[in-house]
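Asker: Counted from 1, the sequence shown has number 90 at position 90 by UniProt numbering; the numbering is strictly sequential. Where is the CB? At the ideal position from N, CA and C, for every residue including glycine. This structure is a prediction, so every number in the text was calculated from the model and none was measured. Let me begin by handing over the structure; questions about it come next.
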Amino acid sequence: MKYWLLKTEPDVYSIEDLKRDGRAMWDGVRNIKANNYIKKMEIGDYVFIYHTGKERSIVGIGKIVTSSYPDPTSDNPKFHAIDVEYVKRLVNPVTLKEIKESLSFTDWELVNLPRLSVMPVKVEYWHKVLTLAGDNFEI
Numbered sequence: 001m002k003y004w005l006l007k008t009e010p011d012v013y014s015i016e017d018l019k020r021d022g023r024a025m026w027d028g029v030r031n032i033k034a035n036n037y038i039k040k041m042e043i044g045d046y047v048f049i050y051h052t053g054k055e056r057s058i059v060g061i062g063k064i065v066t067s068s069y070p071d072p073t074s075d076n077p078k079f080h081a082i083d084v085e086y087v088k089r090l091v092n093p094v095t096l097k098e099i100k101e102s103l104s105f106t107d108w109e110l111v112n113l114p115r116l117s118v119m120p121v122k123v124e125y126w127h128k129v130l131t132l133a134g135d136n137f138e139i
């Protein structure tokens with residue numbers, strides 16, 4: 001099992017939208033590096049949902065429920081999508097500011113490549129974020 005982070009603009013599609021829908025296609029990723037990460041996702045992997053914009057916070061958890069497939073919103077077959085299922089909202093959102101201030105995440109792409117919309121999360125980062133959130137989520 002692997003862990004990932006997916007960014008979304010909350011005014012376009014938020015954790016609350018995912019909760020309401022239960023499951024959603026994660027599409028529209030056009031960055032090659034981010035797209036390559038989508039292709040590496042597997043059914044059962046967990047993801048942090050990160051709200052961009054003014055929030056800049058990890059706000060919830062989802063689960064990958066399909067293998068990657070060609071993104072139906074693109075005419076280019078190299079771009080892929082994935083389906084994500086809602087798992088939960090974090091007890092407390094974890095802000096980008098908190099992550100940067102902790103100094104425990106210095107080599108995470110969230111800190112170093114802020115425009116990347118899909119990225120892996122090291123196991124230790126996954127657990128540290130949950131600790132910062134005051135969340136005892138267990139798989």
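#1: Which same chain residues end up closer than 8 Å to Pro70 when comparing Cβ atoms and leaving out the 5 residues on each side of it in sequence?
#2: What are the boundary residues of the alpha helix (DSSP H) that Ile61 is part of?
#3: By alpha-carbon positions, which one of Val47, Tyr86 and Val91 ends up nearest to Ser117?
#4: Please report the distance separating the alpha-carbon of Arg23 from that of Leu103.
#5: Pull up the distance between the alpha-carbon of Ile61 and that of Asn112, whole angstroms please.
#6: Report yes if the CB atom of Gly28 is closer than 9 Å to the CB atom of Thr73, and no otherwise.
#7: Report the option in Arg115, Lys88, Asn31 and Glu109 whose CA atom is closest to the CA atom of Leu130.
#8: Rank Val84, Thr106 and Lys97 by C-alpha distance to the C-alpha of Met41 and give the top, closest one.
#9: On the DSSP bridge assignment, give the partners of Val84 in chain order.
#10: Taking the DSSP output, what are the residues bridged to His51?
Answerer: Per the coordinate set shown:
#1: Pro77, Phe79, His80 and Ala81
#2: Unbroken run through Ile61 is the beta strand (DSSP E), Ser57 to Ile64; no alpha helix (DSSP H).
#3: Selected option, being the one with the closest Cα: Val47.
#4: Arg23 and Leu103: Cα-Cα distance of roughly 34 Å.
#5: C-alpha separation (whole angstroms): 22 Å.
#6: yes
#7: Lys88
#8: Val84
#9: Bridge partners of Val84: Ala24 and Ile64.
#10: DSSP output for His51 lists Thr8 and Ser57 as bridge partner(s).
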